[in-house]
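Colleague: Below you will find the structure I want to go over with you.
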């Protein structure tokens, strides 16, 4: 079957550090690899890789990448199935436009939506866009079975892991079980993507330490935080790959792409101490002279002196913990299951071994009070004083169909799901954007101030306790490399602002 897979453009804002991240689409590459292994003929249209430095006004933000019309121009006329990814609901508005234009141009070709957005909001997605099928949750097995049925002219109704369209509307079929044999999942089909362009552009998620490649060593997360979309996408099953096979994949990228720095985008890679030590020992025994990092964050429980030493020896130079709050009452309310003293102890083990540690915090949870915010600021200050290399502070934003979202929806604090809601899912990480408050104690203006104060607290102690970091930051800006994630965010922002200003002036 001739199948076209599409990676949409991204939103960009000059005051949003997260929108400066430009990395190859790992999820779509896995889907492509699985479909190709099943014998299908693949075309990939990656709107981001073909327009990394193209910016166009879109609503109150900008689009980065190819415009919708040019994406559709690249879809082969004889394609038999089109798959579009919408990993996060923040991108839904542009994905919706893309789906509508695709259906206008290819009215007889089935349209399939994948990613967390369709999983969390299947009925709304079907209502707002001309989608024929949605693949929910982990997509590899489902998309192969769906493509096989369509190729043979068989009905897709009742297929596990899908949402199908009927005259009555959207039919949400039972979810498919997680893939247990994850070592058997075909590797990402990177030969269909412009990987070298991403590497050369050099704006990764983590610190920039050389020719980077994104990877997954594990899948899922065993925890159930109320604000997180992971449970509905992945359930609470955490599965690690065979360490030897992960290192095999690393060696493959060293040979093919001259990769030197591996960015593991796992939801939480470090759950079992024996697994992470086994993985690091495999790297060391094979003599790989590489570095790796965990920019998406991980749990702290398995990190002690022994684990940290093994990770450093294998080349790990940075990872982040996600305490989210410095207040025990809030942590309990959001089901974070984090013990702050243990987290700081694990962080000390890592930093003593020479690994950079970052932290993620959220302010403005519905459960937050003035007292809990002060406790969070104290935790942020402790991060800087102890030597954390970076901290990210975000306002609370209710992600679709999470437990927290459902509570707010039930209490009337979330009304109609309109376009502003989806755009706010992007703007909540934009330092220059107006925020929205879901907390009775704080206004939207308060939330914006709380975020800025959180960053201010960290960076005051960050530079005050270690003034030499100012020189390190200046060096990173000049060289284009980054010694840690904070420096990466700053250097990426400077680089993008130059390109953005040039494109607008032109």
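Numbering (my numbering), first residue to last: 15 to 520.
Every residue gets a Cβ at the ideal spot worked out from N, C-alpha and C, and that includes glycine.
Return yes when the Cβ of residue 404 is within less than 8 Å of the Cβ of residue 498, no when it is not.
Modeller: One-based indexing of the chain shown puts residue 498 at position 484. One-based indexing of the chain shown puts residue 404 at position 390. For residue 498 and residue 404, yes; Cβs fall inside 8 Å.
Colleague: How should residue 577 be labelled, buried or exposed, when 16 other C-beta atoms within 10 angstroms of its C-beta is the threshold for buried?
Modeller: The chain is shown only over 15 to 520; residue 577 falls outside these bounds and no answer can be derived.
Colleague: Could you spell out the range, first to last residue, of the beta strand (DSSP E) harbouring residue 20?
Modeller: Walking along the chain shown from the start, residue 20 turns up at place 6. Its beta strand (DSSP E) spans residues 16–21.
Colleague: Do you know offhand how far residue 474's Cα is from residue 486's?
Modeller: Here residue 474 refers to the residue found at position 460 of the chain shown. Here residue 486 refers to the residue found at position 472 of the chain shown. Spanning the two alpha carbons is a distance of roughly 16 Å.
Colleague: Could you tell me which residues DSSP puts in a beta bridge with residue 588?
Modeller: Because the chain here runs from 15 to 520, residue 588 falls outside it and cannot be looked at.
Colleague: Measuring alpha carbon to alpha carbon, tell me which of 238, 444 and 476 ends up nearest residue 248.
Modeller: Residue 248 sits at position 234 when you count from the first residue of the chain shown. Among 238, 444 and 476, the Cα nearest to that of residue 248 belongs to 238.
Colleague: Just mark residue 273 as buried or exposed, buried being the case when its beta carbon has 16 or more other beta carbons within 10 Å.
Modeller: As a first step, residue 273 is located in the chain shown; it is residue number 259 there, counting from the start. Buried.
Colleague: Closest to residue 102 by C-alpha separation, out of 185, 167 and 243, would be which residue?
Modeller: One-based indexing of the chain shown puts residue 102 at position 88. For the residues 185, 167 and 243, the minimum Cα distance to residue 102 belongs to 243.
Colleague: Give the secondary structure of residue 390 by DSSP, where H, G and I count as helix, E and B as strand, and everything else as coil.
Modeller: One-based indexing of the chain shown puts residue 390 at position 376. Reduced to three states, the DSSP call for residue 390 is helix.
Colleague: In whole angstroms, what separates the C-alpha of residue 251 from that of residue 191?
Modeller: Stepping through the chain shown from its first residue, residue 251 is reached at position 237. Stepping through the chain shown from its first residue, residue 191 is reached at position 177. Cα to Cα, the separation comes out at about 10 Å.
Colleague: Helix or strand or just coil, what does DSSP make of residue 60?
Modeller: On the chain shown, residue 60 is found 46 positions in, with the first residue counted as 1. Three-state DSSP puts residue 60 in a strand.
Colleague: Got a sec, what are the start and stop residues for the alpha helix (DSSP H) residue 86 sits in?
Modeller: Here residue 86 corresponds to residue number 72 of the chain shown, with the count starting at 1. Looking at the DSSP string, the run of the alpha helix (DSSP H) that includes residue 86 is 82–87.
Colleague: Per DSSP, residue 332 is paired with what?
Modeller: For this step, residue 332 is matched to residue 318 along the chain shown. DSSP, once it has assigned bridges, lists 307 and 370 as partnering residue 332.
Colleague: Kindly provide the ranges of any beta strand (DSSP E) runs that are 3 or more residues long and lie completely inside the stretch 131–166, ordered along the chain.
Modeller: Counting whole runs of 3 or more residues, the stretch 131–166 contains the beta strand (DSSP E) stretches 147–149.
Colleague: Quick check on residue 338: does DSSP put it in helix, strand or coil?
Modeller: Taking the first residue of the chain shown as position 1, residue 338 is located at position 324. Strand at residue 338.
Colleague: Considering just the uninterrupted stretch of the beta strand (DSSP E) at residue 127, what are its terminal residues?
Modeller: Here residue 127 refers to the residue found at position 113 of the chain shown. Where residue 127 is concerned, the enclosing beta strand (DSSP E) stretches over 125–128.
Colleague: Give every residue of the same chain whose Cβ lies closer than 6 Å to the Cβ of residue 406, excluding the five residues on either side of it in the sequence, and list them in chain order.
Modeller: As a first step, residue 406 is located in the chain shown; it is residue number 392 there, counting from the start. Here the set comprises 374.
Colleague: By the 10 Å Cβ neighbour count, where 16 or more other Cβ atoms means buried, how is residue 321 classified, buried or exposed?
Modeller: As a working note, residue 321 is residue 307 in the chain shown. Buried, because 16 or more other Cβ atoms sit within 10 Å of the Cβ of residue 321.
Colleague: With residue 179 as the anchor, note down where its beta strand (DSSP E) starts and where it stops.
Modeller: Working through the chain shown from its first residue, we reach residue 179 at position 165. Start and end: 176–180.
Colleague: On the criterion of 16 or more Cβ atoms from any shown chain inside 10 Å, does residue 30 qualify as buried, or is it exposed?
Modeller: Here residue 30 refers to the residue found at position 16 of the chain shown. By the 10 Å Cβ count, residue 30 comes out buried.
Colleague: Tell me, to the nearest whole angstrom, how far the beta carbon of residue 142 is from that of residue 179; I am working on the premise that it is less than 8 Å.
Modeller: For this step, residue 142 is matched to residue 128 along the chain shown. For this step, residue 179 is matched to residue 165 along the chain shown. Actually they are not in contact, since the Cβ atoms of residue 142 and residue 179 sit about 13 Å apart, beyond 8 Å.
Colleague: State the beta-bridge partners of residue 99 as determined by DSSP.
Modeller: The residue you call residue 99 lines up with position 85 of the chain shown. According to DSSP, residue 99 bridges with 128.
Colleague: Given 8 Å as the limit, is there contact between the stretch 163–176 and the stretch 259–272, that is, 3 or more CB pairs closer than that?
Modeller: No, they do not touch.
Colleague: Which of the three DSSP states, helix, strand or coil, is assigned to residue 168?
Modeller: Within the chain shown, the letter at position 154 stands for residue 168. The answer is coil: DSSP assigns residue 168 none of H, G, I, E or B.
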